[in-house]
Amino acid sequence: MPIRPFRPLQLPAGLGLNLIVLLVLVLLVAAPLLTILMQTLAPDRIGAWRDVLASPLSPNLFWRPAANTMILGFGVATGCVLIGGLLAWLVVMTDMPFRRLIGFLATLPFMIPSFATALAWGTVFRNGRVGGGGGLLEGMGIAVPDALAWGMVPTMLVLIAHYYALAFTVIAAALATVNGDLVEAAQMTGANRRRVLFGIVLPVVMPAIIAGGSLCFAAAVSNFAAPALLGLPVRMQTLSTRLFGMIEIGQVERGYVLAILLIAISAVFLALGNRLLAGRRSFATISGKGGRARRFALGTARLPLTALALLICVLTTIVPILLLIAASLAPMASALFSNWTLQFWIGDADPAFARGQAGILNNPQLLRALSLTMGLGAIVALIANVIGILIAVALTRHRLRGISEAVSQLSFLPMLLPGIAFGAAYIALYGAPIGPLPALYGTTTLLALALTAAMLPFAVQTGRATVAQISGDIDEAARLTGAGFLRRIGAITLPLASRGLIASLLLCFVNVVSDLAIVVLLYTPTTPLFSVLSYRYASDGFHQFANAVTLVILAISTLAAGLAALLRGRNRPWLSS
Amino acid sequence: MMRPALFSLCLTLPLATPAFAQDLDMLTPADLLPLAQEEGTVTVYSFTSRIGRVEAAFEAAYPGIDMIGFDLSSTEMIARLRSEASAGIANADVIYVSDSPVVLTELLDAGLIAPYVPPRVADLLPDSAKSPVLQQRLSTKVLMYNEESYPDGAPVDNLWDLTQPAWNGRVMMVDPLQRGDYLDLMTEIVLRADEMAVAYEAAFGEEITLDDGITDAGRQFIVDLFANDVVLFGSTDDVNVAIGATGQDAAPIGFTTYSDRRDNADEGWALQVANEVMPSNGIVFPALLALNPNGPNPAAARLAVDFLMGDDTETGGAGFAPFYVAGDWATRTDIAPHPDAIPLDDFNGWRIDPQQTATIRADVADLILQVQ
Chain A
15 MPIRPFRPLQ
25 LPAGLGLNLI
35 VLLVLVLLVA
45 APLLTILMQT
55 LAPDRIGAWR
65 DVLASPLSPN
75 LFWRPAANTM
85 ILGFGVATGC
95 VLIGGLLAWL
105 VVMTDMPFRR
115 LIGFLATLPF
125 MIPSFATALA
135 WGTVFRNGRV
145 GGGGGLLEGM
155 GIAVPDALAW
165 GMVPTMLVLI
175 AHYYALAFTV
185 IAAALATVNG
195 DLVEAAQMTG
205 ANRRRVLFGI
215 VLPVVMPAII
225 AGGSLCFAAA
235 VSNFAAPALL
245 GLPVRMQTLS
255 TRLFGMIEIG
265 QVERGYVLAI
275 LLIAISAVFL
285 ALGNRLLAGR
295 RSFATISGKG
305 GRARRFALGT
315 ARLPLTALAL
325 LICVLTTIVP
335 ILLLIAASLA
345 PMASALFSNW
355 TLQFWIGDAD
365 PAFARGQAGI
375 LNNPQLLRAL
385 SLTMGLGAIV
395 ALIANVIGIL
405 IAVALTRHRL
415 RGISEAVSQL
425 SFLPMLLPGI
435 AFGAAYIALY
445 GAPIGPLPAL
455 YGTTTLLALA
465 LTAAMLPFAV
475 QTGRATVAQI
485 SGDIDEAARL
495 TGAGFLRRIG
505 AITLPLASRG
515 LIASLLLCFV
525 NVVSDLAIVV
535 LLYTPTTPLF
545 SVLSYRYASD
555 GFHQFANAVT
565 LVILAISTLA
575 AGLAALLRGR
585 NRPWLSS
Chain B
1375 MMRPALFSLC
1385 LTLPLATPAF
1395 AQDLDMLTPA
1405 DLLPLAQEEG
1415 TVTVYSFTSR
1425 IGRVEAAFEA
1435 AYPGIDMIGF
1445 DLSSTEMIAR
1455 LRSEASAGIA
1465 NADVIYVSDS
1475 PVVLTELLDA
1485 GLIAPYVPPR
1495 VADLLPDSAK
1505 SPVLQQRLST
1515 KVLMYNEESY
1525 PDGAPVDNLW
1535 DLTQPAWNGR
1545 VMMVDPLQRG
1555 DYLDLMTEIV
1565 LRADEMAVAY
1575 EAAFGEEITL
1585 DDGITDAGRQ
1595 FIVDLFANDV
1605 VLFGSTDDVN
1615 VAIGATGQDA
1625 APIGFTTYSD
1635 RRDNADEGWA
1645 LQVANEVMPS
1655 NGIVFPALLA
1665 LNPNGPNPAA
1675 ARLAVDFLMG
1685 DDTETGGAGF
1695 APFYVAGDWA
1705 TRTDIAPHPD
1715 AIPLDDFNGW
1725 RIDPQQTATI
1735 RADVADLILQ
1745 VQ
């Protein structure tokens, strides 16, 4: 038996990194979640579990909404990956014309609030079931069946139209890094297009497809606006409408139990995705060199595919935006295209108009909200992505049994937690001073912390998709030559992951700027934010003003998207033809 | 048990002792003013953004006191107050909130809000508006119809009509399991089960027969209403459009807010209240004003509540102006009814008793959950 020389206790590589990210996640995510869980376990509240799971109420309280939610989640994830993936492939890998335009438009739907997309659907397909005069189709004498106007079909289509941009963003960033050498080699050895697509491109971007699909799944199952607008008239409930309603009517425990169950169910399905992602090792394709792939010639399919891509973009981007613009100009919500006025934008306070509200550009709070919201959005996006990359590296390079599973699941949870519960837990946990740490109540720091946690799913998923593609060989080589962890992150991972990172920064920024649920519990009048202004208008029925503020948010998001495109532009051969 | 943070707050704020609070309760606005000016600020949690206009009026009336208004829905306010209390934070001074059945059980019983009735207006309020918590004004969820579509008046005169084939799929309301106001409406119908039974006989000339497992006429009405395919929405605005939009031949009918009628001209609606309805057209419910028992500015808080109750002019003056609208009513008996609306005394709606509502509200929610 060989005698091994004595060595100091050998810790698994990456243990430190794993523990650090775990700690961050415990503080930002697990602790608030535990606070919510504990509330449902108090002796006088624990009955809520039985009510939800095993009582005469269960079918309508939980099982049917849960079934609807899962159908919605899978349908939306599939639809988003198909549409987002198709557009990403067309934009990044083919010789389709208008690539730049379509690539830009396809990132926008996510920035349009989902209620606007739902509203657009209603404007066209609304039928007599709800009175109020029908939509455009009924106006033209075309009868619209209930199944097309209300319930699962329109909700699913609207959510796909809204969230495919998530899948597009993640998948396009990954496609752009596919090593041209691989494709070229395959082509030279006689592989046809189909073979290259299914044999090389698809496997290589699989992490991104899974990440994009997971994000869309989580976004769909937690969306409230679309099922509330389009599902309720035919009494279709999802877990998100159910849990919102339960909290709203004062049955908070039941609402929280539903939220926890939503998390549990989603976690099971997302774990399957994670397993796929973790179980394969052959994704590494960014090796720091290699040219871009030659573009696929679409041939005879070029025109029809271009038309299809343009149609998708117009329907999901231009139409809802035009509708929002009309809704910010029309005095009557029931007649969106008549009597337009700029009063809601630039009007002075006039008692005869909108009960004396001045136009939003005359609201002195707007400018303050503008700078504050953008500052907060930028900082949160940055911090969330720093944490996101660290988590992605820990999950991809240094998997440790037990810890990695926990990290992976925790980083996904915030997306599924109702904002109001999350915000309340943050006040209870970090509002008061803890030991030497000062009380965070009423500070922008608390707001930023909560929002950072809420953005982690985006940052981590996009981070993972990109880091998984980066070849471990370069990292290994650098390590052997003595480069430290931070050095390697800064010199190798960050530059190579930059495409995915910029996409993710953008997603986080847009999300922070338009988020309301968390903000409304944590804001103070000294930190007015856009979403609060918009809520203030909407809660008193001033929808034109609220829509105008939404458009300002959209304009900022679009500018940010444009800026990101410019940043990438210096080095994006995939868009030049 | 008192949390350390809360405890230290009380030590540093010797003014916040119960005895002192009781003294403050007795003071007139003139006596409160110097104390309030010393405090310098007052924070109001409000369920309506109209607090913005109160802010301006308050600061004009009482220079030197900065009113800080927070807009939060009642649900968000309850969540925020509860979590603030558990962290030992007292941020709000004044709580202006709707959703009274939940507020009374979740906040008043838990000691998170304290009642206060300004002595100046105490004699001008009915007892029902003073206890257990001060009621500032009354709002509604009542049966409304489209007066363009039905120029001869409301197409129904009995709530039970809504359960008949003629109104199948044509009764609109917000899902009572999405908004508390509408659950309160359903609950009141159950609380008034005897009146519902009498109304049934008036409508059909025979005594009501109850389904298996249904215990009263109020619950039977809910079952029948849902069986008649009532159409649910997520927000009152959507109901207003459905019922009120002009240009409809046979507009649907439904439950919404009486005061939304004031937007008829702006929005292109023809909403009108159905007042002559047996046994009632819906509910009248209060907006509440209360104090945070640990609020940092106790004198300014009382001055603000006093201000929000309106001055001694006929319409309540600047403090009440944002709330003096057709279809809402001041609880103060000396404030004149709005000329464009039915006076409260002639209004057919049931006045809810929030404490009564709270006793069976969850049961009614469970019933709706099963029949939905």
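Chains as they are written, first to last, in this note's numbering: chain A, 15 to 591; chain B, 1375 to 1746. Ideal Cβ positions, reconstructed from N, Cα and C, are used throughout, including at glycine.
Practice task
Evaluate Leu1741(B) with the Cβ neighbour count: other Cβ atoms within 10 Å of its Cβ, from every protein chain shown; 16 or more gives buried, anything less gives exposed.
Solution key: The residue you call residue 1741(B) lines up with position 367 of the second sequence. When all chains shown are included, Leu1741(B) counts as buried.
Problem - Under the three-state DSSP convention, the category Met346(A) falls into - result: In the first sequence, residue 346(A) corresponds to position 332, counting from 1. Coil at Met346(A), not helix or strand.
Problem - Selection of the stretch 1454-1469 of chain B by Cβ proximity to chain D, strictly under 8 Å - result: This model lacks chain D altogether; the protein chains it does include are A and B.
Problem - Coarse secondary structure for Ala248(A), derived from DSSP in three states - result: Residue mapping note: residue 248(A) aligns to position 234 of the first sequence, counting from 1. In the sequence as presented, Ala is not what sits at residue 248(A); that position holds Val. Reduced to three states, the DSSP call for Val248(A) is helix.
Problem - Buried versus exposed, by CB contacts within 10 Å (16 or more), Phe556(A) - result: Position 542 of the first sequence, counting from 1, holds the residue named residue 556(A). Looking at its Cβ environment, which holds 16 or more other Cβ atoms inside 10 Å, Phe556(A) is buried.
Handout entry: Proximal residues of chain A, C-beta to C-beta of Glu1413(B) below 7 Å
Key = Walking along the second sequence from the start, residue 1413(B) turns up at place 39. Per Cβ cutoff of 7 Å: no residues; Glu1413(B) is ~17 Å from chain A at best.
Practice task
Would you mind working out which of Ala1528(B), Asn1465(B), Gly1693(B) sits nearest Val1418(B), comparing C-alpha positions?
Solution key: Locating residue 1418(B) in the second sequence gives position 44, counting from the first residue. Out of Ala1528(B), Asn1465(B), Gly1693(B), the CA that lies nearest to the CA of Val1418(B) is found in Asn1465(B).
Problem - Outcome for Ala181(A) when other beta-carbon atoms lying within 10 angstroms are tallied against a minimum of 16 - result: Within the first sequence, residue 181(A) is the residue found at index 167, counting from 1. Buried is the call here.
Practice task
Report the option in Met170(A), Ala439(A), Leu356(A) whose CA atom is closest to the CA atom of Ser342(A).
Solution key: For this step, residue 342(A) is matched to residue 328 along the first sequence. Of Met170(A), Ala439(A), Leu356(A), the residue nearest in Cα terms is Leu356(A).
Exercise for the section: Using a Cβ-Cβ cut-off of 9 Å, state whether Val1476(B) counts as contacting chain A. Expected result: The residue you call residue 1476(B) lines up with position 102 of the second sequence. Closer than 9 Å: yes.
Handout entry: Same chain, Cβ closer than 8 Å to Tyr537(A), five either side skipped, listed in chain order
Key = Within the first sequence, residue 537(A) is the residue found at index 523, counting from 1. Sequence-distant Cβ neighbours of Tyr537(A) in its own chain, meaning closer than 8 Å and more than five residues away, are Leu461, Leu543, Val546.
Problem - Exposed unless 16 or more other CB atoms sit within 10 angstroms - verdict on Leu29(A) - result: As a first step, residue 29(A) must be located in the first sequence, where it is residue number 15. It is exposed - the Cβ of Leu29(A) has fewer than 16 other Cβ atoms within 10 Å.
Handout entry: Same chain only: Cβ atoms within 7 Å of Ala517(A), ignoring 5 sequence neighbours per side
Key = Here residue 517(A) corresponds to residue number 503 of the first sequence, with the count starting at 1. Excluding sequence neighbours, Ala517(A) sits near Thr183, Val184, Ala187, Thr476.
Exercise for the section: For Arg1593(B), decide whether its Cβ has a neighbour in chain A, counting only Cβ atoms nearer than 9 Å. Expected result: Translated into the one-based positions of the second sequence, residue 1593(B) becomes position 219. Chain A contact via Cβ: absent.
Handout entry: chain B contact residues for Val138(A), given Cβ-Cβ distances below 8 Å
Key = On the first sequence, position 124 is the one that residue 138(A) refers to. Counting only Cβ-Cβ distances below 8 Å, Val138(A) has no contacts in chain B at all, with the closest Cβ about 16 Å away.
Handout entry: C-alpha distance - Gln371(A) paired with Asn561(A), whole-angstrom precision
Key = Residue 371(A) sits at position 357 when you count from the first residue of the first sequence. Residue 561(A) sits at position 547 when you count from the first residue of the first sequence. Taking the straight line from one Cα to the other gives about 14 Å.
Handout entry: Separation of Ile567(A) from Gly1414(B), as counted between CA atoms
Key = Along the second sequence, one-based indexing puts residue 1414(B) at 40. Along the first sequence, one-based indexing puts residue 567(A) at 553. Between the C-alpha atoms of Gly1414(B) and Ile567(A) there is a straight-line separation of about 35 Å.
Practice task
State the Cα-Cα distance for the pair Ile1823(B) and Gln1510(B), rounded to the nearest angstrom.
Solution key: The question about residue 1823(B) has no answer here: the residues shown for chain B are numbered 1375 through 1746.
Practice task
Can you say whether Ser352(A) is buried or exposed, counting buried as having 16 or more other CB atoms within 10 angstroms of its CB?
Solution key: Residue numbering aside, residue 352(A) sits at position 338 when the first sequence is read from its first letter. Answer is exposed; the Cβ neighbour count stays below 16.
Problem - Other residues of its chain near Gln1730(B): CB distance less than 7 Å, five sequence neighbours each side excluded - result: Working through the second sequence from its first residue, we reach residue 1730(B) at position 356. Excluding positions up to five away in sequence, the list reads Leu1565.
Problem - Cut-off 8 Å between Cβ atoms - residues of its own chain near Ser1382(B), not counting five sequence neighbours on either side - result: Locating residue 1382(B) in the second sequence gives position 8, counting from the first residue. Bear in mind that the predicted position of Ser1382(B) carries a pLDDT of just 44, short of 50, making it too unreliable to give a figure here.
Problem - Three-state class that DSSP yields for Asn585(A) in the structure shown - result: If you number the first sequence from 1, residue 585(A) lands on position 571. Low local confidence applies: a pLDDT of 46 at Asn585(A) is under 50, so the model's placement there is unreliable, and no value is given.
Exercise for the section: State yes or no: is the C-beta of Leu1536(B) within less than 9 Å of the C-beta of Met1652(B)? Expected result: As a first step, residue 1536(B) must be located in the second sequence, where it is residue number 162. As a first step, residue 1652(B) must be located in the second sequence, where it is residue number 278. Not a contact, by the Cβ cut-off of 9 Å.
Handout entry: Short CB-CB distance (under 9 Å) between Leu1665(B) and chain A
Key = Taking the second sequence and counting its residues from 1, one reaches residue 1665(B) at position 291. Taking 9 Å as the threshold, the shortest C-beta distance from Leu1665(B) to chain A does not fall below it.
Handout entry: Minimum C-alpha distance to Ala179(A) - residue among Thr330(A), Leu451(A), Pro450(A), Phe426(A)
Key = Taking the first residue of the first sequence as 1, we reach residue 179(A) at position 165. Nearest in C-alpha terms to Ala179(A), of all of Thr330(A), Leu451(A), Pro450(A), Phe426(A), is Thr330(A).
Problem - Start-to-end residues for the alpha helix (DSSP H) that takes in Gly155(A) - result: Position 141 of the first sequence, counted from the start, is the residue given in the question as residue 155(A). Per DSSP, Gly155(A) belongs to no alpha helix (DSSP H) and is neither H nor E.
Practice task
Could you give the DSSP three-state label for Val192(A): helix, strand or coil?
Solution key: For the purposes of this step, residue 192(A) is identified with residue 178 of the first sequence, where counting begins at 1. Of the three classes helix, strand and coil, the one that applies to Val192(A) here is coil, per DSSP.
Practice task
Name, please, each residue of chain B whose Cβ falls closer than 7 Å to the Cβ of Leu8(A).
Solution key: Coverage of chain A is limited to positions 15 through 591, which leaves residue 8(A) absent and any answer about it impossible.
Exercise for the section: Use the C-beta contact count for Met110(A): other C-beta atoms within 10 angstroms, 16 or more gives buried, fewer gives exposed. Expected result: Position 96 of the first sequence holds residue 110(A). Buried is the call here.
Handout entry: Own chain residues within Cβ distance below 6 Å of Ala1674(B), not counting five before or after
Key = Working through the second sequence from its first residue, we reach residue 1674(B) at position 300. Excluding residues within five positions, the ones whose Cβ falls inside 6 Å are Ala1410, Glu1413, Val1416, Ile1439.
Exercise for the section: Could you pull out every unbroken alpha helix (DSSP H) segment of at least 4 residues lying fully inside the stretch 95-182 of chain A, listed in chain order? Expected result: As for any alpha helix (DSSP H) of minimum length 4 sitting wholly inside the stretch 95-182 of chain A, the runs are 113-119, 128-139, 150-153, 160-163, ordered along the chain.
Practice task
Could you spell out where the alpha helix (DSSP H) holding Ala328(A) opens and where it closes?
Solution key: Here residue 328(A) refers to the residue found at position 314 of the first sequence. Inspection of the sequence shows that residue 328(A) is occupied by Val rather than by Ala. Careful: Val328(A) lies outside any alpha helix (DSSP H) and carries neither H nor E.
Handout entry: Cα-Cα separation between Ala435(A) and Ala273(A), rounded to whole angstroms
Key = Stepping through the first sequence from its first residue, residue 435(A) is reached at position 421. Stepping through the first sequence from its first residue, residue 273(A) is reached at position 259. For Ala435(A) and Ala273(A), the distance between alpha carbons rounds to 9 Å.
Practice task
Let me know if Glu262(A) comes out buried or exposed under the rule of 16 or more other beta-carbons within 10 Å of its beta-carbon.
Solution key: Counted from its first residue, the first sequence places residue 262(A) at position 248. Buried is the call here.
Practice task
Give the DSSP-derived three-state secondary structure of Ser422(A) in the structure shown.
Solution key: Stepping through the first sequence from its first residue, residue 422(A) is reached at position 408. Looking at Ser422(A) - three-state DSSP - the assignment turns out to be helix.
Handout entry: Under 8 Å from the C-beta of Met1546(B): neighbouring residues of chain A
Key = By one-based count along the second sequence, residue 1546(B) stands at place 172. Near Met1546(B) (Cβ distances below 8 Å), the residues of chain A are Val144, Gly145.
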